[in-house]
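To start, the structure under review is shown below, and the notes come after it.
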Amino acid sequence: MELYDLIIIGGGPAGVTAGIYAARKKLKTLLVTEDFIGQVGKTGQIDNYLGLPGISGIELMEKFKEHIKKFEIEIQEAEKVVRVKKEKEFFLIKTGSKKNFLTKSVIIATGRDPRPLEVPGEKEFIGQGVSYCSICDAPFFQDKAVAVIGGGNSGFEAALDLLKYAKRIFIFERSDKIIADEILQEEAKKEKKIEIHLNKEVKKIEGRGKVQSLLYHDLKTKKTFQVPIDGVFVQIGTIPATAFVKGLVEFNEADEIKVDFKTCQTSCPGIFAAGDVNDGKWKQIIIAAGEGARAALAVYKYLQNMN
Amino acid sequence: MNKVKVYSTPVCPYCVSLKEFLKKHNVDFEEIDVSQNQEAAREMVEKTGQMAVPVLEIDGEFVVGFDRKRISKLLNIEN
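Which chain is which? The protein sequence lines are A and B, in order.
All you need for the working numbering is the position in the first sequence, starting with 1, plus 79.
All you need for the working numbering is the position in the second sequence, starting with 1, plus 699.
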């Protein structure tokens with residue numbers, strides 16, 4: 080089996096930057112990713128990435144992808160890593176389509192996935208009214224009533240994406256306050272179509288063949304209500320995509336990978352974690368990109384010491 | 700020659716990837732922007748029961764989402 084110097088898992092800002100830095104150091108590198116979309120690609124507009132104000136998420140990802148393809152680096156797209164195993168001083172990377180790769184070092188840059196609501200009806204109605212991507216699916220809700228679950232930034236952004244289409248938009252938030260940025264709150268409060276409901280816990284999504292109603296519990300009055308609804312957009316945050324290294328590297332209580340921020344090294348020498356997947360505060364594209372660079376340079380040093 | 704239709708919206712990331720994939724493999728397709736064409740959107744929902752894009756129609760058969768494996772099989776694309 081071919082032996083790589085470095086395998087990068089993930090094709091977001093951290094993984095792509097790590098790839099560019101590794102290629103410039105002439106490391107024999109493989110980047111494995113499901114796609115070049117991720118969290119960034121599903122974001123409508125990005126205003127806080129340096130040099131490219133107002134760019135759409137998918138355009139930014141296209142630029143990242145073009146950039147990395149300028150370098151000599153092997154890419155396996157449409158591959159999901161399901162396990163990383165330690166093999167003496169090396170690591171074995173296994174993918175869902177049963178490919179195996181051997182490497183001296185690993186950078187984990189898999190970012191985060193949408194957090195599921197975990198109520199009855201959610202899984203059954205994915206694509207039939209339940210969606211995690213408002214910019215993708217909003218046009219199907221012309222003149223319909225929709226619920227957005229979650230009162231954070233992504234919930235408010237989803238509600239605003241739906242404005243053009245839906246006739247009524249309910250935002251359901253479980254806690255007693257909105258945590259979205261003030262600028263988004265102001266925009267949403269101006270719109271008559273948007274109704275914000277605090278202290279409401281969604282219990283069930285119901286329907287026949289498609290979403291027709293939603294059951295929620297009022298945490299203050301302790302009463303349960305049913306509201307007719309055609310769509311549910313789940314926006315209750317994200318969870319780190321770390322299942323494939325469980326037991327191999329140390330996690331914090333939120334399942335984020337613990338790293339030493341001087342080098343992005345994990346508890347397992349030779350494995351590094353960069354971007355949203357690690358236990359760093361503030362998940363931002365520019366931070367992820369910066370950590371990707373740091374991790375790749377740390378890998379270079381690690382390999383020098385290894386030989 | 701397969702008759703291929705892509706139901707999509709301009710900003711949906713998986714639609715962009717799907718179209719890129721088809722172009723890469725020299726597949727000609729007709730693009731239907733459901734955000735501009737409510738009638739086509741309704742028709743798509745009726746035929747597939749899906750309120751999500753991308754949806755691909757290959758000779759009358761529908762594929763929901765960017766399902767690389769199934770699409771490759773239906774279009775005889777080797778990966």
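Cβ atoms here follow ideal geometry from the backbone N, Cα and C, with glycine treated the same way.
Rounded to the nearest angstrom, the gap between the Cα atoms of A:ILE205 and A:GLY286 is 12 Å.
Taking C-alpha positions only, A:PHE143 is separated from A:VAL95 by approximately 7 Å. Contact between A:GLY208 and A:ALA320 does not hold, since the beta-carbon distance rounds to 26 Å and is not under 8 Å. Rounded to the nearest whole angstrom, the CA to CA distance from B:VAL703 to A:GLY288 is 27 Å.
In this model, A:GLN124 and A:ILE134 are separated by some 6 Å (Cα to Cα). Residue state for A:GLY286 is assigned as strand, using DSSP reduced to three classes. Judged by DSSP secondary structure, A:GLY91 falls outside any alpha helix (DSSP H); it is assigned neither H nor E. In its chain, beyond the 5 residues on either side, VAL281, LYS282, LYS283, ILE284 have a beta carbon closer than 8 Å to the beta carbon of A:VAL198. A:ASN357 counts as buried, since at least 16 other C-beta atoms from the protein chains shown sit within 10 angstroms of its C-beta.
Contact between the segment 290-309 of chain A and the segment 330-349 of chain A is absent: fewer than three C-beta pairs spanning the two stretches fall below 8 Å. Chain B has no Cβ within less than 8 Å of the Cβ of A:SER233.
Measuring C-alpha to C-alpha distances from B:ASP766 to each of A:GLU113, A:ILE137, A:PHE150 identifies A:GLU113 as the nearest. Look at A:ILE137: its C-beta is under 8 Å from a C-beta on chain B. Look at B:SER771: its C-beta is not under 8 Å from any C-beta on chain A.
When C-beta atoms of the segment 345-365 of chain A are compared with those of the segment 225-234 of chain A, fewer than three pairs fall below 8 Å, so the two segments do not count as touching.
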